[in-house]
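J.: This is the structure I want to talk about, given as structure tokens.
Numbering (this note's numbering), first residue to last: 207 to 918.
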């Protein structure tokens, strides 16, 4: 067990201190200092509140964007926050989770995952190894986020090749943006659950004086192996079992999670300029369910005396991961920096990431990822009807994998890019244009590489986008988006060669891969005034030379051989999201909501793209009255039978969640909220079809969560 760093212990003590009782006088329940409580007594639903998306240089209002986007913030984020960013977003339309058990998950956007989805921390790359494999955790704690922004569809224009499927931006404000009103503000949380014996504590405080602002946060989480409804292995004949036959509940072995971390930040804020620094640390130790060491000398079945020896051997072969990440960020922002320009932003992030895969007590493979990322944006003053920004980005990534089963050789990737975005308003129409060019050089440094022509590759992806928003009437917008995006292959796709323990596969790259190209079309109608609000979106993606892992049906070193390959592919689908405000009655304020999403993906030879999320529909009910609030959500996921060669079908499921909270009477700056949640009330055997581990590791069973939140 790792010893928690002293600074993390100190910050955790602060977090716990924030939720200890303090002398207060009574105040009317339902009033609180945090105005973003979605069920608050004074919240109005006649018009959607303005939400600014910071992941764009022009800082656009969510409903004014020509590209589809989803934003979670405030109490909506508090309700959805989970152990990882993938699970936190998985119940949103168009989003799912590439899970590796319950505790590790990376977002999937419309069927795109891994190297196609950029995960950002405050507009800068998270710089971990989560895009390399699904078992690699994203080194960001969801609780500490102020806002999570998802740009659906190609976002290469702003963030390069690794966002051809979309972007998830986690906004934490570890570098303070302003001095808090009243000088200090913060929040804290204590939480436990029944299915994994979770112990979680977290807190955050922002404070300042005069021209200086400071930030501190910390979190601490411990969970045991979690409970599952039945067996871990998905049996091929599950669909033939009697629906009324109850399986014995169990525990998913090696599914524990221990993580902790924190951040410190400070800013100087002047009249026209702001400069800030932050330091972030993230440590995690977790098990990989179903994974065992490659060199596994099985004990043959025989006498009962051999059973203890076999159990001990299985314990020794279990795969666990120890992750450590340190990150330094700096930001310089200027208002009206010089003639003709209204804003300058310069950001630099330096990350040191280490990820160790262990087989029992022995170290198997160590991944190192050291990254320096710099981004410059300059927003010009209006040119007639046009507003826009220029930008440049530089990223240097030094990736290494050391060990007998290192399936990716050490490599360096250098990316240099320039981009330009413009927007104009002509009457009822808004037009958006953008262009990005980048130079990407990837080189395998030592050791063997995949068969092919090169050990060093250079690519020049070019991306362009055009969008429009038509204000059909005051309460409704119709948007259109067309883009051409290109993606350079990653070092893993080019040079992989070896067994990957966690996924139990043998990976083979292709150093001769070409750039991946995408034509994206999208249209959306949004209603944002009146009792009925929501959106309807349709999208189509035409890929040339789509890069994917093809299951060859062969074996190498007694493991399934998966080859990185290319083929043209088409993705298409849609999303519907609606909310209706029933109104306020003596019984309280009632709202109903629903959503549906679907994505279909086929290769040019009419075969299926692997690991696609299922079609889903969801319905829900929100209620609040004075200090009380409640939510009930039901999601039905269809079975996934549109599978690739050698991929198993995934059964459908029904997910039923509920939440009840009470805002305690309080006074002054502090507000206190008790809450209880029930996840998977039906105790369904839930498998994520986008996961490599779906046949060995179901999601958590029926789980009761209880906790206390505080805001001030």
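We treat Cβ as the ideally placed atom computed from N, Cα and C, and that holds for glycine.
Only a predicted model underlies this, so the values are computations on that prediction, with no experimental measurement involved.
#1: Please classify residue 450: does DSSP put it in a helix, a strand, or coil?
#2: Take residue 617 and list the residues in its own chain whose beta-carbon comes closer than 7 Å to its own, dropping the five residues that flank it on each side.
#3: Let me know if residue 634 comes out buried or exposed under the rule of 16 or more other beta-carbons within 10 Å of its beta-carbon.
#4: Measure from the alpha carbon of residue 593 to the alpha carbon of each residue in 306, 629 and 465, then state which is nearest.
#5: Measure how close the beta-carbons of residue 373 and residue 324 come, nearest whole angstrom, since I'm counting them as under 8 Å.
#6: Thinking residue 555 and residue 330 are a contact (beta carbons under 8 Å), I'd like their distance in whole angstroms, please.
#7: Going by DSSP in three states, residue 825 sits in which element: helix, strand or coil?
#8: DSSP puts residue 380 in a beta bridge; with which residues?
#9: Tell me the residue span of the beta strand (DSSP E) that contains residue 398.
#10: Look at the alpha carbon of residue 563 and the alpha carbon of residue 349, and state the distance between them as a whole number of angstroms.
#11: Indicate whether at least one CB of chain D lies closer than 9 Å to the CB of residue 675.
#12: Residues in its own chain within less than 6 Å of residue 362 by CB, not counting five upstream and five downstream?
#13: From the DSSP output, read off the bridge partner residues of residue 577.
#14: Can you tell which of 472, 438, 358 and 914 has its C-alpha closest to the C-alpha of residue 306?
#15: Quick one: grab the DSSP three-state call for residue 293.
#16: On a Cα-Cα basis, can you pick out the residue from 430, 415 and 409 that is closest to residue 424?
#17: How should residue 461 be labelled, buried or exposed, when 16 other C-beta atoms within 10 angstroms of its C-beta is the threshold for buried?
#18: By DSSP, does residue 803 sit in helix, in strand, or in coil?
#19: Alpha carbon to alpha carbon, how far is residue 328 from residue 710? Give it in angstroms, no decimals.
#20: Output the boundary residues of the beta strand (DSSP E) element that contains residue 464.
#21: Hey, residue 674 and residue 686 are a contact pair by Cβ (cut 8 Å); roughly how many whole angstroms apart?
#22: Hey, would you say residue 621 sits closer than 9 Å to residue 366, going by beta carbons?
#23: Using the three-state DSSP reduction, which class does residue 284 fall into: helix, strand or coil?
#24: Considering only their Cβ atoms, is the gap separating residue 581 from residue 547 smaller than 9 Å?
#25: With a floor of 3 residues, list each beta strand (DSSP E) that falls wholly inside the segment 692-775, ordered by position along the chain.
#26: Per DSSP, residue 551 forms a beta bridge with which residues?
#27: What are the boundary residues of the alpha helix (DSSP H) that includes residue 887?
#28: In the DSSP output, which residue or residues are listed as bridge partners for residue 432?
#29: Report yes if the C-beta distance between residue 917 and residue 392 is below 9 Å; otherwise report no.
#30: Can you check DSSP and say which residues form a bridge with residue 798?
#31: Got a sec, what are the start and stop residues for the beta strand (DSSP E) residue 862 sits in?
#32: Is residue 737 near residue 684, with beta carbons less than 9 Å apart?
#33: Excluding sequence positions up to five away, which residues of its chain have a Cβ less than 6 Å from the Cβ of residue 406?
#34: Based on the DSSP output, what are the partners of residue 494 in its beta bridges?
#35: Return the residue from the list 465, 495, 666 and 419 that minimises the CA-CA distance to residue 429.
#36: Looking only at DSSP bridge pairs, what is residue 687 linked to?
T.: The answer reads as follows:
#1: Numbered from 1 along the chain shown, position 244 holds the residue referred to as residue 450. Legend: pLDDT at residue 450 = 39, less than 50; position of this residue unreliable, no value from coordinates given.
#2: For the purposes of this step, residue 617 is taken as residue 411 along the chain shown, with counting starting at 1. Hits under 7 Å: 605, 648, 649, 650, 651, 697 and 701.
#3: Stepping through the chain shown from its first residue, residue 634 is reached at position 428. So residue 634 counts as exposed.
#4: For the purposes of this step, residue 593 is taken as the residue at position 387 of the chain shown. Out of 306, 629 and 465, 629 has the C-alpha closest to the C-alpha of residue 593.
#5: For the purposes of this step, residue 373 is taken as the residue at position 167 of the chain shown. For the purposes of this step, residue 324 is taken as the residue at position 118 of the chain shown. Right, their Cβ atoms sit about 5 Å apart.
#6: Translated into the one-based positions of the chain shown, residue 555 becomes position 349. Translated into the one-based positions of the chain shown, residue 330 becomes position 124. Yes, they are in contact, since the Cβ atoms of residue 555 and residue 330 sit about 4 Å apart, within 8 Å.
#7: The count along the chain shown starts at 1 and reaches residue 825 at position 619. Residue state, collapsed to three classes: strand.
#8: Position 174 of the chain shown, counted from the first residue, corresponds to residue 380. The partner list for residue 380 (beta bridge, DSSP) is empty, contrary to what the question assumes.
#9: Numbered from 1 along the chain shown, position 192 holds the residue referred to as residue 398. It spans 390-399 - the beta strand (DSSP E) in which residue 398 sits, taken as one unbroken run.
#10: Taking the first residue of the chain shown as 1, we reach residue 563 at position 357. Taking the first residue of the chain shown as 1, we reach residue 349 at position 143. If you take the alpha carbons of residue 563 and residue 349, they lie about 26 Å apart.
#11: Here there is only one protein chain, and chain D is not present.
#12: What you label residue 362 is simply residue 156 of the chain shown in a count that begins at 1. Within the same chain, residue 362 has close Cβ partners 369, 370, 669 and 691.
#13: Translated into the one-based positions of the chain shown, residue 577 becomes position 371. Answer is 557 and 603, bridged to residue 577.
#14: Taking the first residue of the chain shown as 1, we reach residue 306 at position 100. The candidate whose alpha carbon is nearest that of residue 306 is 438.
#15: Here the question's residue 293 lines up with position 87 in the chain shown. Note: residue 293 maps to helix in three-state DSSP.
#16: Reading the chain shown from its first residue, position 218 is the one you call residue 424. For the residues 430, 415 and 409, the minimum Cα distance to residue 424 belongs to 409.
#17: Residue 461 sits at position 255 when you count from the first residue of the chain shown. Per the 10 Å Cβ criterion, buried.
#18: Counted from its first residue, the chain shown places residue 803 at position 597. Correct three-state label for residue 803: strand.
#19: Your numbering for residue 710 matches position 504 in the chain shown. Your numbering for residue 328 matches position 122 in the chain shown. Computed Cα separation, rounded: 34 Å.
#20: The residue labelled residue 464 in the question sits at position 258 within the chain shown. Taken as a continuous stretch (DSSP letters only), the beta strand (DSSP E) holding residue 464 covers 463-475.
#21: Along the chain shown, one-based indexing puts residue 674 at 468. Along the chain shown, one-based indexing puts residue 686 at 480. At roughly 5 Å, the Cβ-Cβ gap stays under 8 Å, so residue 674 and residue 686 are in contact.
#22: Locating residue 621 in the chain shown gives position 415, where the first residue counts as 1. Locating residue 366 in the chain shown gives position 160, where the first residue counts as 1. Yes.
#23: Working through the chain shown from its first residue, we reach residue 284 at position 78. Note: residue 284 maps to helix in three-state DSSP.
#24: Residue mapping note: residue 547 aligns to position 341 of the chain shown, counting from 1. Residue mapping note: residue 581 aligns to position 375 of the chain shown, counting from 1. Note that the C-beta distance between residue 547 and residue 581 is not below 9 Å.
#25: 703-706, 711-714, 722-733 and 738-762
#26: Locating residue 551 in the chain shown gives position 345, where the first residue counts as 1. For residue 551, which the question treats as bridged, DSSP gives the partners 539 and 583.
#27: Taking the first residue of the chain shown as 1, we reach residue 887 at position 681. Following the DSSP letters along the chain, one finds residue 887 in no alpha helix (DSSP H), marked with neither H nor E.
#28: Locating residue 432 in the chain shown gives position 226, counting from the first residue. BP columns for residue 432 are empty, so no partner.
#29: Residue mapping note: residue 917 aligns to position 711 of the chain shown, counting from 1. Residue mapping note: residue 392 aligns to position 186 of the chain shown, counting from 1. Cβ distance < 9 Å, so residue 917 and residue 392 count as in contact.
#30: Here residue 798 refers to the residue found at position 592 of the chain shown. Looking at the DSSP assignment, residue 798 forms a beta bridge with 786 and 827.
#31: Reading the chain shown from its first residue, position 656 is the one you call residue 862. In the DSSP assignment, residue 862 falls within the beta strand (DSSP E) that extends over 859-870.
#32: What you label residue 737 is simply residue 531 of the chain shown in a count that begins at 1. What you label residue 684 is simply residue 478 of the chain shown in a count that begins at 1. Taking 9 Å as the Cβ cut-off, residue 737 and residue 684 do not qualify as a contacting pair.
#33: Taking the chain shown and counting its residues from 1, one reaches residue 406 at position 200. Contacts found: 397 and 427.
#34: Looking up residue 494 in the chain shown gives position 288. DSSP, once it has assigned bridges, lists no residue as partnering residue 494.
#35: Position 223 of the chain shown holds residue 429. Comparing Cα positions, the closest option is 465.
#36: Position 481 of the chain shown, counted from the first residue, corresponds to residue 687. Bridge partners of residue 687: 673 and 728.
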